[in-house]
Amino acid sequence: MAFLTFGPGLKLSRAPQFEARYRPGQFAPVTGIYQCTACGFEIVCLATKHLQSREDKRLPRHPRDCPGISWRLLAQVNERPWLLIDQRP
Numbered sequence: 001m002a003f004l005t006f007g008p009g010l011k012l013s014r015a016p017q018f019e020a021r022y023r024p025g026q027f028a029p030v031t032g033i034y035q036c037t038a039c040g041f042e043i044v045c046l047a048t049k050h051l052q053s054r055e056d057k058r059l060p061r062h063p064r065d066c067p068g069i070s071w072r073l074l075a076q077v078n079e080r081p082w083l084l085i086d087q088r089p
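Read in order, the letters of the sequence shown are residues 1 to 89 in full-length UniProt numbering.
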């Protein structure tokens, strides 16, 4: 579970990248916090970098007892704050 300290700094988005599921080893479409849909493990991944797989040597490592890794985007970094990603309510 991701924690936050300052709620007004976050905006709700219904952009498609939050609904999509991403495979281990797939390139992250945006920089952000990704959560495993199977076990809840979270990572930070930069845009254009590979999302963590079970064989990945980076730390922290994904739990070995996770039944099947699939990533979803929890929070996206707005690298260009003057550009709103999604203006729908």
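Ideal placement from N, C-alpha and C gives every residue a C-beta, glycine not left out.
Model, not experiment: these values are computed from the prediction.
Problem - Cα-Cα separation between A75 and Q35, rounded to whole angstroms - result: Looking up residue 75 in the sequence shown gives position 75. Looking up residue 35 in the sequence shown gives position 35. Their Cα atoms are separated by approximately 9 Å.
Handout entry: K49 versus R61, G32, R14, residue with shortest Cα-Cα distance
Key = Position 49 of the sequence shown, counted from the first residue, corresponds to residue 49. When only C-alpha atoms are compared, the closest one is G32.
Handout entry: Test item: CB-CB of Q26 and L46 under 8 Å
Key = As a first step, residue 26 is located in the sequence shown; it is residue number 26 there, counting from the start. As a first step, residue 46 is located in the sequence shown; it is residue number 46 there, counting from the start. Contact: no.
Exercise for the section: Could you check if A2 is buried or exposed, using at least 16 other CB atoms within 10 Å of its CB as the buried criterion? Expected result: The residue given as residue 2 occupies position 2 in the sequence shown. Burial call: exposed.
Exercise for the section: Pick helix, strand or coil for F18, following the three-state DSSP scheme. Expected result: In the sequence shown, counting from the first residue as 1, residue 18 sits at position 18. DSSP places F18 in helix when its eight states are reduced to three.
Handout entry: Length-filtered (4 minimum) alpha helix (DSSP H) runs lying within the stretch 22 to 49
Key = none
Practice task
Determine the closest residue to T37 out of A20, A28, V30, with distance taken between C-alpha atoms.
Solution key: Counting from one through the sequence shown, the residue named residue 37 turns up at place 37. Comparing Cα-Cα distances from T37 to each of A20, A28, V30, the minimum goes to A20.
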